[in-house]
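Chains E and S supply the protein sequences, listed in that same order. For the first sequence, our numbering begins at 9 and goes up steadily by one. For the second sequence, our numbering begins at 171 and goes up steadily by one.
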Amino acid sequence: MSEDTTTLPEGAAPDAAVDDEAQEQSDIFNGTGRTGLRNARSSDGNDTRAIPAFVFGEELADLADVDPRVVVLTADLARANRAVDFAERHPDRFFNVGIAEKNMITVAAGLASCGYVPFAATFASFAALLGCEQIRTDCAYPQMPVRVVGHHSGVSMGFYGTSHHSPEDLGIMRTIADLTVVCATDANHLRALLRASLDHPGAMYLRLGRGRDRDVYDEVPDLTIGKAITVRPGDDLTIISTGTEVEPSLRAAEALAESGHSVGVIDMFTVSPLDTEAVLSAAARTGAVLTVEEANVTNGLGTAVAECLFQSGTGQPVRFRKVGIPDAYVPVGPPAALYAHYGLDAAGITKTAKEMLV
Amino acid sequence: MRHPDTTPAPTPEQLSLLADRAMFIRSETVRLAAIAGAGHYTSVFSIAEILATLYYGRLRLTPGEPRDPDRDRVVLSKGHAAIGLYPVLADLGFFEPSALDTYTRLGSPFGDHPDMKKVPGIDFSSGSLGHGLSIGVGMALGARLGGRDYRTYVLLGDAELNEGQVWEAAMSAAHFGLGNLVAVVDNNQLGIDGMTRDTMPVEPLRERFESFGWRVQRVDGHDLGALLAAYDALPDAADRVPQVIVADTVKGRGVRAMEYSPDWHVGNLVGEDYDDVLAEIAAGLRPLEARA
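This is the structure we're talking about:
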């Protein structure tokens, strides 16, 4: 009998987070709910900071003020992804196609062929899986500057279940040629990505979390798409992480520092094309690489990094492990419980890192 | 460049030229298919008059400037008919006709399905059925946003209408008020496996499109004058109602052995057959014979 990974082990859910998570899960669809995405509390239930949440619509509206190419499309999720903030300011450049994701992505491609830079946003599971062929054939292959925005990616849809989870999107998207795949780390990073995306050639898949991700960047970072950001240097181990997992990776590195380990963290926000130089130089420096991603480990960031290391031809041995979602369906549950279940929270990452540091 | 209601009826000379170009489209298709060793003859033969009337009769195009932002757009949603469109683009001067000699050979710009990045005059790549009308919606929205008065024509097959995305696009075109969008349905009544009505019927097309908020014209898709009249009856591009021309056609039209035949969706004419078919095309369209 194989292990039943769809059943959550007893006691795996951190109780403190559950109430907060339940409220947040109920707020996903209206985006303005009682706690609301804009004022959601952080996932450990203790930090009551206001989280800047989805700056997606607001930032794009700012960009659209000065760039006439920016248009936004969504598929009946304008409140969930805050495209409404764009629609309020640029109603003529906002198109809600209803629950028709394939049409949304292909209409965006048609607009792109006329010189526009369309941002087409919906839940990651629908964008990347339902709209996969449209992304490949209509956006990436003809090099249309469409930005497909898959939000609430990974397991962040929690108890909504497999139809709404998207562990697969990262792996699927990164195997599409001429498609740049980037993950937003936090609100400031998302702003930087949106700005940088405007003049980036070809199609892009932007992978977003749930818009309540804790801050990694205190201000909008300078970034170059395709170039990783070293958010913390280290000599004993390098954690290469992306998107929502950068923040807990950083906390894990901080915890490990207290026990005397020098652990670096790289924000590999561009998953395709991979910054192989950053991977190889991290491996050369620390001899140990741990990848962390809120995605199926079969074909995601970890696989990309492993491919890079194995094919590098340096001959240098590198300890390597990847943390992510196994190739099995994800149980329902509050997101914080799922992160704990998969060792994707700071505690889990710390534990795996420690095993590599002995 | 528009042809408003005052457009005079086409002269016999104009109709004769268009008939000649339809003949050219069919014969070039046969020639190119021989290079590839296979070709979608019948899917082109059903739209030869549609392509001829659009490209030689009504489209606003500047072949020397294939990316002219004010050009009319054409999306060949039934991309497998590209073999009949390439010769038209060459003939109009988008590229050298001799370039077509590489058709489907390794690395050629000209594959069975059209590639906008490789072939001047192709406004969007196609091949996966059901996408083109959505592309057209995007182009029509682009025209609206940019204050341009070009039209976007999307050429679809009838069996392609089985694809659900077509109806997502149809719904959105009406909602967004895209009177500058024109769908032309090549109602040739055949898919790969047989008659569309047997495999998965799409009729009643008039009622279906009307109920989705479109204005419908239905014409004989091999009648040059009727097709021109249908284009000329389109409202101003600023109109709010998307337009569909259901062109009743015959798959394989112009080559008797291929008409109504599902056996020639993809085929390869060799030897005497090749010569006979070219001769039959050169003789011009004969009246349709009753189907068995």
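Every residue gets a Cβ at the ideal spot worked out from N, C-alpha and C, and that includes glycine.
- Pairing S/Ser431 with S/Arg378, the inter-Cα distance amounts to about 26 Å.
- The Cβ-Cβ distance between E/Ala192 and E/Leu216 falls below 7 Å.
- Runs of the alpha helix (DSSP H) spanning 4 or more residues and lying entirely within the region 241–267 of chain E occur at 254–266, in chain order.
- Distance from the CA of S/Asp271 to the CA of E/Asp275, rounded to the nearest whole angstrom, comes to 50 Å.
- Taking a C-beta distance under 7 Å as the contact criterion, E/His159 and E/Ser133 do not qualify as a contact pair.
- E/Ile247 is the residue among E/Arg97, E/Ile247, E/Met152 and E/Arg203 whose C-alpha sits nearest the C-alpha of E/Thr360.
- Comparing alpha-carbon positions, the option among S/Trp384, S/Leu398 and S/Ile205 lying closest to S/Asn350 turns out to be S/Trp384.
- A direct Cα-Cα distance of roughly 59 Å separates S/Tyr225 from E/Ala291.
- Under the Cβ distance rule, S/Lys287 counts among the residues neighbouring chain E, one pair being separated by less than 7 Å.
- At least one CB of chain S lies nearer than 7 Å to the CB of E/Lys110.
- Closest option to E/His98, judged by alpha-carbon separation, among E/Ile107, E/Val115, E/Ala88 and E/Val78: E/Val78.
- Excluding sequence positions up to five before and after E/Gln151, its CB lies within less than 8 Å of the CB of Asp186, Pro209, Gly210 and Ala211, all in the same chain and listed in chain order.
- Between the alpha carbons of S/Leu348 and E/Cys147 lies a distance of about 22 Å.
- Using a Cβ-Cβ cut-off of 7 Å, E/Glu141 is close to Ser298 of chain S, given in chain order.
- With a threshold of 7 Å between beta carbons, E/Leu119 makes contact with chain S.
- One finds nothing in chain S with a Cβ atom closer than 9 Å to the Cβ of E/Pro99; even the nearest lies about 12 Å away.
- Of all residues in the region 391–410 of chain S, none has a C-beta nearer than 7 Å to a C-beta of chain E.
- The beta-carbon of S/Ala251 is placed no less than 7 Å from the nearest beta-carbon of chain E.
- Nearest CB-CB separation between E/Pro150 and chain S: below the 7 Å threshold.
- At a cut-off of 7 Å, the C-beta of E/Cys191 has no neighbouring C-beta in chain S.
- The beta carbon of E/Thr170 lies closer than 6 Å to those of Tyr337 in the same chain, with the five residues before and after it left out.
- Close partners of S/Met309 in chain E (Cβ separation under 7 Å): Gly118, Ser121 and Cys122.
- In the DSSP assignment, E/Asn111 falls within the alpha helix (DSSP H) that extends over Glu109 to Ala120.
- The region 118–131 of chain E and the region 309–319 of chain S touch, with no fewer than 3 CB-CB distances between them shorter than 8 Å.
- Contact with chain S is found for E/Thr114, since one of that chain's Cβ atoms lies less than 7 Å from the residue's Cβ.
- Listed by position along chain S, the residues whose Cβ is nearer than 8 Å to that of E/Thr145 are Ser295, Gly297, Ser298 and His301.
- With a threshold of 7 Å between beta carbons, S/Gln335 makes contact with chain E.
- Restricting attention to S/Ile305, S/Phe382 and S/Asp240, the CA atom closest to the CA of S/Met286 is found in S/Ile305.
- DSSP lists E/Arg155 and E/Thr188 as the bridge partner or partners of E/Met212.
- Scanning chain S for C-beta atoms nearer than 7 Å to the C-beta of E/Val105 yields Ser342, reported in chain order.
- Cβ-Cβ separation between S/Ala208 and S/Gly422: approximately 15 Å, too far for a contact (criterion under 8 Å).
- Counting along the chain, S/Ala399 sits inside the alpha helix (DSSP H) bounded by residues Leu394 to Asp402.
- Judged by DSSP in its simplified three-state form, E/Arg220 adopts coil rather than helix or strand.
- Residue burial annotation: S/Val447 is buried, with at least 16 other C-beta atoms found within 10 angstroms of its C-beta.
- At the C-beta level, E/Ala86 and E/Val92 come within 7 Å of one another.
- Not a single CB atom of chain E sits nearer than 7 Å to the CB of S/Glu429.
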